[in-house]
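Notes follow the structure.
Protein chains: 2
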Amino acid sequence: MDTLFAALADPTRRGVVERLTRGEAPIKELAAPHDMALPSFMKHIDRLEDAGLVTTRKVGRQRIVALTPDAFAPAETWLERQKRAWEERLDRLEDLAVRLEADSTDDA
Amino acid sequence: MDTLFAALADPTRRGVVERLTRGEAPIKELAAPHDMALPSFMKHIDRLEDAGLVTTRKVGRQRIVALTPDAFAPAETWLERQKRAWEERLDRLEDLAVRLEADSTDDA
DNA sequence: CATTTGGTTAGCCATATAGCTTAGTATATC
DNA sequence: GATATACTAAGCTATATGGCTAACCAAATG
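These protein sequence lines map, in sequence, to chains C and W. According to the UniProt record's numbering, the first sequence is numbered sequentially starting from 1. According to the UniProt record's numbering, the second sequence is numbered sequentially starting from 1.
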């Protein structure tokens, strides 16, 4: 989870992910839009792979990078759970407020 | 976006967020379950605040921390967009495969 | 077989991160 | 007014991160 969110906390890496939703590609092609030396770029790919967001395979002298199926699932699940917990609490608070309001008008 | 994902890339901070979905709390109380010196813990709160995940206000000598409404929205939106792009591409590929298959059986 | 091309390895540098301690400051509480 | 409480500020350390260059390896290509 740490590595997943950390992998997404960098614009270069998010850019690579966005590119990969349109299909796999070799490293050279992925690197092209990012003004940086190849070894530096490679580290980002490594980090994406460590996070499980991406898989790579060697074809000839090229390394092809592809998005992992359900790559985002753990992150989405966690976020969804938090949002739900938060909204349920707001609902309970609202419910409580409504009931208190009803009580006060009963008194009148 | 960078700071948002980075803020979530740490178990202490995710723990704080999870706790806050059940309601706001002062720093001391939030810090209690995390075995670490207060100043160290404070830095995590600062990082959550910088990411816009959390707001704080001073009440007497306490600092109350609360989850920001729609705190996760940007992260969720980005993830959702990627997932959608990815799935649309898979659909197109499947569609293409089905059509190719149909063509080949037509030939037979 | 010489030369590109696409990665890869190794190692360096600057900054950021996550932790610490020690020493304040401001608000309660006795 | 003295003391305790809840931060807050300053400054230190170790490791991680994001970038670089230089040199190397292996698979094309001429």
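Don't be surprised by glycine CBs; every beta carbon is placed ideally from N, CA and C.
So which of the options has the shortest CA-CA distance to residue i?
{"i": "Ala25 (chain C)", "options": "C:Val65, C:Arg89, C:Ala85, C:Gly60", "result": "C:Val65"}
{"i": "Thr55 (chain C)", "options": "C:Gly23, C:Leu93, C:Leu100", "result": "C:Gly23"}
{"i": "Thr68 (chain C)", "options": "C:Trp78, C:Glu80, C:Ile45, C:Leu90", "result": "C:Ile45"}
{"i": "Arg81 (chain W)", "options": "C:Gly15, C:Met36, C:Leu96", "result": "C:Gly15"}
{"i": "Met1 (chain W)", "options": "W:Pro74, W:Leu93, W:Pro33, W:Lys83", "result": "W:Pro74"}
Output the boundary residues of the beta strand (DSSP E) element that contains residue i.
{"i": "Arg14 (chain C)", "result": "Per DSSP, Arg14 (chain C) belongs to no beta strand (DSSP E); it is in the alpha helix (DSSP H), 11 to 20."}
Along the chain, where does the alpha helix (DSSP H) containing residue i start, and where does it finish?
{"i": "Leu67 (chain W)", "result": "Segment 62 to 67 is the beta strand (DSSP E) holding Leu67 (chain W); no alpha helix (DSSP H) there."}
{"i": "Ala71 (chain C)", "result": "Segment: none, Ala71 (chain C) is in no alpha helix (DSSP H) and carries neither H nor E."}
{"i": "Lys33 (chain C)", "result": "According to the sequence provided, residue 33 (chain C) is Pro. The question's Lys does not apply to it. No alpha helix (DSSP H) contains Pro33 (chain C), which DSSP labels as neither H nor E."}
{"i": "Ala51 (chain C)", "result": "No alpha helix (DSSP H) holds Ala51 (chain C); DSSP gives it neither H nor E."}
With distances taken between CB atoms, is the gap from residue i to residue j smaller than 9 Å?
{"i": "Glu18 (chain C)", "j": "Ala85 (chain W)", "result": "yes"}
{"i": "Arg47 (chain W)", "j": "Ala6 (chain W)", "result": "yes"}
{"i": "Leu90 (chain C)", "j": "Phe72 (chain C)", "result": "no"}
{"i": "Leu79 (chain C)", "j": "Leu79 (chain W)", "result": "yes"}
Short of 8 Å in beta carbon distance, which residues of its chain neighbour residue i, apart from the five on each side in sequence? Order them along the chain.
{"i": "Gln62 (chain W)", "result": "Pro26, Ile27, Lys28"}
{"i": "Glu87 (chain C)", "result": "none"}
{"i": "Arg92 (chain C)", "result": "none"}
{"i": "Pro11 (chain C)", "result": "none"}
I'd like the list of long-range same chain contacts for residue i, defined as Cβ closer than 7 Å, with 5 residues on each side in sequence excluded.
{"i": "Ala31 (chain W)", "result": "Leu38, Phe41"}
{"i": "Lys43 (chain W)", "result": "none"}
{"i": "Arg13 (chain C)", "result": "Ala7, His44, Arg47, Leu48"}
My assumption, with CB atoms under 8 Å, is that residue i sits in contact with residue j. Please give the rounded CB distance.
{"i": "Thr3 (chain W)", "j": "Asp50 (chain W)", "result": "6 Å"}
{"i": "Ala9 (chain W)", "j": "Ala9 (chain C)", "result": "6 Å"}
Using a Cβ-Cβ cutoff of less than 6 Å, which residues in the same chain neighbour residue i once the five nearest sequence positions on both sides are dropped?
{"i": "Arg99 (chain W)", "result": "none"}
{"i": "Asp35 (chain W)", "result": "none"}
Compute every distance between the C-beta of residue i and the non-hydrogen atoms of the ligand NAP, then say whether any falls below 8 Å.
{"i": "Thr77 (chain W)", "result": "Of ligands this structure carries none, so the ligand NAP is not represented either."}
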